[in-house]
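Chains as they are written, first to last, in the UniProt record's numbering: chain X, 1 to 221; chain S, 1 to 273; chain G, 1 to 214. Just so it is clear, CB atoms sit at the ideal spot from N, CA and C, and this is done for glycine as well. Notes to accompany the following structure.
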Amino acid sequence: MQSFFAAYTWDNLRYLLQGLWVTVEVSVVSILFSFILGTLLGVARYVKIKYFSAIVGFVIDLIRNLPLLLILFFTYFALPDIGIRLPVIPAAIVAMTVFESAMLAEIVRSGINAVPVGQMEAARSNGLSYTQAMTKIIMPQAFKKMIPPIVSQFISLVKDTSLATIILLPELTYHAQIIYGQNINYMIPMFVALAALYFIVNYALSIASRVIDRRMSRAPR
Amino acid sequence: MAKRRLRPLLLLVAFLALALAGCGKSVADRDALAHAKATNKLVWGVKADTRLFGLMNIKTDQIEGFDIDMAKAITKQILGPKGKADLVQVTSDTRVPMLKGGNVDAVIATMTITPDRQKVLNFSQPYFNAGQALLVKKGSPIKSVKDLVKGTKVIGVQGSNSVDNVKKAAPQTQVLQLSDYAQAFTALKSGQGDALTTDNGILYGMSEQDHDYVVVGGTFTKEPYGIAMNKGQDNLTKAMNTAVDQLRANGTYAKLINKWFKGIPGFSLKEVE
Amino acid sequence: MFTILAEHGSALLSGLGYTLAASLMALLGSLVIGTAFALFEISHRKWLRIIGRIYVEVVRNIPLLVIALGFYVIVPRYVMPMDGFTAGTIGLTIYTSAFIAETVRAGIESVAVGQMEGARSVGLTYTQAMVQIIFPQAIKIVVPPLGNQFINLVKNSSVLAFVAGFDLMYEGKIVANATFSTFDTYLAVGLLYLVLTMPLSYLMRYLEKHWVSA
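In structure tokens form, the structure reads like this:
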């Protein structure tokens, strides 16, 4: 037991927290970008513009059906082949954003689909343009329904950043690996710390989502 | 109806055509030496998981080792005392794509010069002579590569030529490939394999870190390490060779060997030079 | 890319086989474990509900990689020998079971409390009501999300590459290292993943549209 706590030296904890910081940094930036891009893509797929929506839909399907690990590899090692060369943190952000946007686009599309057709018809018959109806009537209702799946997608995103150890992103899991790689007695304490840190971040996210959800459903219409 | 069904297929073909068109090109062709001189900076791919050669120091958050010191010394030789050596972490698995993609100018990361690699990369003159050996737990029945019989498992690292070498030297053994040396050593300690194989220098570093593990059987290959650059970077290659010559001549090389390998069997200046 | 498939196709196909095997085994395993924890979560006994809740919350908030690596390095050192494929598949099973527990619980709950009350009032026991009335309806609701979980499993099984699990990603890395053609190799690997996942995902979309509403 003594040796268990001996693993949590000041240096090791600092090194772990440095990793956690990169995890949070990459997660937050990717969440912001993928939320914007995912919404745009989801709407683009929903509105059914000839060819355009079909192509967008197909690309979304392609990305959704590939492992993130492969997309990470591609972004870091294959994009330079066509002239796009990124340092490791931007590369991780780009890969996460591409993958998670595709996942979010599906959530957004099915969220919009879940809004009754009558809403659009009513809005249009009241003289709103299609765009107005979309932004003022349909999307606000759709987003309310989408909050739980979107947040669980964000939780996935935070967890998925651990996969970027494959391109040596200096995030939480990678730093833990370096620590126990140098002293095997630190292995179990590091895994406990990993589980605890990821749990805290993600559980906080899911509590936040519940609060937002409750507030929104209580809000007067 | 049939037309609609076909659309995904057509799109797939279009996607593949685009992807294939992207294959041939490469933009890592600019003169790396001129670029380094213009920016006063050389970008090096180095290991961070390999004791003695390149290991992350958790206390200082700096990578330390013989390869690191060499990279810094060579940078100063080429770019002058104000030249900056940027260190980017690589593993055996990632160093070739990083070079080919132009993410790094040069790799100094326990990399053996092999004919296969020479087809796609430029190498400097050898700067260190290692040889492949085995690392086992103290008291293991495995004493040399001959003991790697059917039913044994040996751990290696993806992208290292030691994996190919051990497959040739002991075709009966099962080879498990992990992504870096930290992972590989952890796997050995967890009992995932009976031995770990790579170059003796790396293995001595591991043994120094955990005395329950010992290097056995002597070396069964010769592994001359070189600095790797992308194919066609002949100016940079020439500059590297000159710099290594200068470091040997002015005593820096001997000093660094002494700093990192003093007292480790098989690594006197005479043996590695 | 085609030269990669022609020359190293057998290695990649063997990887595809391991990927498929790990995904199928993890699907079966996580279905059993996930259903069990779903039943815990809706149980009458408070302590079972608490156990179910804790399991689901803990497992789904921790990265799959951490779980799989834990089985690969901790279990063999302190408990029992376990190779990479087994460790990775167990990690996949446990990780996925938390999501399946949520899906199954939601499915059962959506069949509505009234059904259970009705069944009990005509004299069925709790178990009988569950097996004969609730499950058959719930299955219909949970099959499409389970299909999506299977697609996720195929993608997530790439985590086996971290633990020398011989899967498609692992073999892909080896081929990329042997040929030095990173771009083409991962293109081929991507294509092989799509061969597994794309038909499945179109099938699931079809099911979502036509099966549930039927």
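Which word fits X/Ala193, buried or exposed, when buried means at least 16 other C-beta atoms lie within 10 angstroms of its C-beta? Buried is the label assigned to X/Ala193, since at least 16 other Cβ atoms lie within 10 Å of its Cβ.
Is the CB of X/Leu163 under 8 Å away from at least one CB in chain G? Interface residue, yes.
Residue range of the unbroken beta strand (DSSP E) whose run includes S/Leu55: Unbroken beta strand (DSSP E) run through S/Leu55: Gly54 to Asn57.
Closer than 6 Å by C-beta to G/Ala87: which residues in its own chain qualify, once you throw out the five before and the five after it? Chain order, please. Phe71, Tyr72 and Val163
Same chain only: Cβ atoms within 6 Å of S/Tyr253, ignoring 5 sequence neighbours per side: Cβ within range, chain order: Leu247.
Status (buried if at least 16 other CB within 10 Å, exposed otherwise) for S/Lys100: Counting every other CB atom within 10 Å of its CB across the protein chains shown gives S/Lys100 a total of 16 or more, marking it as buried.
Considering just the uninterrupted stretch of the beta strand (DSSP E) at S/Val145, what are its terminal residues? Unbroken run through S/Val145: none, as it is neither H nor E.
Pull the bridge partners of S/Gln132 from the DSSP assignment, please. Residue pairing from DSSP places S/Gln132 in a beta bridge opposite S/Asp199.
Any beta carbon from chain G within less than 8 Å of S/Gln233's own beta carbon? no
Helix, strand or coil at X/Ala7 according to DSSP, with G and I counted as helix: coil
Distance CB(S/Ala195)-CB(S/Leu236) smaller than 8 Å: no
Just the C-alpha distance for X/Ile71 and G/Gly190, rounded to the nearest angstrom, thanks. 9 Å
Would you say G/Tyr186 faces chain X, with C-beta separation under 8 Å as the test? yes
Let me make sure I understand the geometry here. Which of X/Ser206, X/Ser217 and X/Ala176 has the alpha-carbon closest to that of X/Leu20? Ranking the options by Cα distance to X/Leu20, first place goes to X/Ala176.
Run through the stretch 47-71 of chain X for me and flag every whole alpha helix (DSSP H) of 4 or more residues, listed as ranges in chain order. 52-64
Proximal residues to S/Phe261 (C-beta, below 6 Å), its chain only, five neighbours per side dropped: Phe267
In angstroms with no decimal places, state the Cα-to-Cα distance between G/Asn61 and X/Phe199. 5 Å
Of all Cβ atoms in chain G, is any one closer than 8 Å to the Cβ of X/Thr173? yes
What does the Cβ neighbour count give for X/Thr135, buried or exposed, with the cut at 16 atoms within 10 Å? exposed
Which chain G residues are close to S/Ala254, counting only those with a beta carbon under 8 Å from its beta carbon? Those within 8 Å of S/Ala254 in chain G number zero; the least Cβ separation is about 34 Å.
S/Gln125: which of S/Val215, S/Asp234, S/Asp210 and S/Asp61 sits nearest, CA to CA? S/Asp234
Between G/Gln149 and G/Val104, what straight-line distance do the alpha-carbon atoms span, to the nearest angstrom? 12 Å
Per DSSP, which one or two residues make a beta bridge with S/Tyr225? S/Thr112 and S/Phe128
Report all residues from its chain with a CB closer than 6 Å to the CB of X/Ser162; omit the five preceding and five following residues, and keep chain order. Thr173
Any C-beta of chain G within less than 7 Å: which residues of the stretch 187-218 of chain X qualify? Met187, Ile188, Phe191, Leu194, Ala195, Tyr198, Phe199, Asn202 and Tyr203
Give the single residue among S/Ala184, S/Ile264 and S/Val163 whose Cα lies nearest to the Cα of S/Tyr204. S/Ile264
Got a sec? Which residues, its chain only, sit under 6 Å from S/Lys41 by beta carbon, not counting five neighbours each side? Lys84 and Asp86
Out of curiosity, what's the CA-to-CA distance linking X/Ile24 and G/Ala68? Going by the sequence as given, residue 24 of chain X is Val instead of Ile. A direct Cα-to-Cα measurement between X/Val24 and G/Ala68 gives close to 22 Å.
Would X/Ser3 and X/Asn202 qualify as a contact pair, given that the criterion is a beta-carbon distance under 8 Å? For the 8 Å CB-CB criterion, X/Ser3 and X/Asn202 do not form a contact.
Can you find at least 3 beta carbon pairs, one from the stretch 157-176 of chain G and one from the stretch 127-137 of chain G, that sit closer than 8 Å? no
C-beta contact flag for S/Leu55 and S/Asp49 at 8 Å: Cβ distance < 8 Å, so S/Leu55 and S/Asp49 count as in contact.
Contact check, G/Ile141 vs G/Ser97, beta carbons under 8 Å: Taking a C-beta distance under 8 Å as the contact criterion, G/Ile141 and G/Ser97 do not qualify as a contact pair.
May I ask you to list, following chain order, the residues of the stretch 78-98 of chain X that have a beta carbon less than 7 Å from some beta carbon of chain S? The stretch 78-98 of chain X vs chain S, Cβ under 7 Å: Pro80, Asp81, Ile82, Gly83 and Arg85.
Who are S/Glu64's beta bridge partners in DSSP? S/Leu55
Beta carbon of S/Gln77 nearer than 8 Å to that of S/Ala243: A contact, by the Cβ cut-off of 8 Å.
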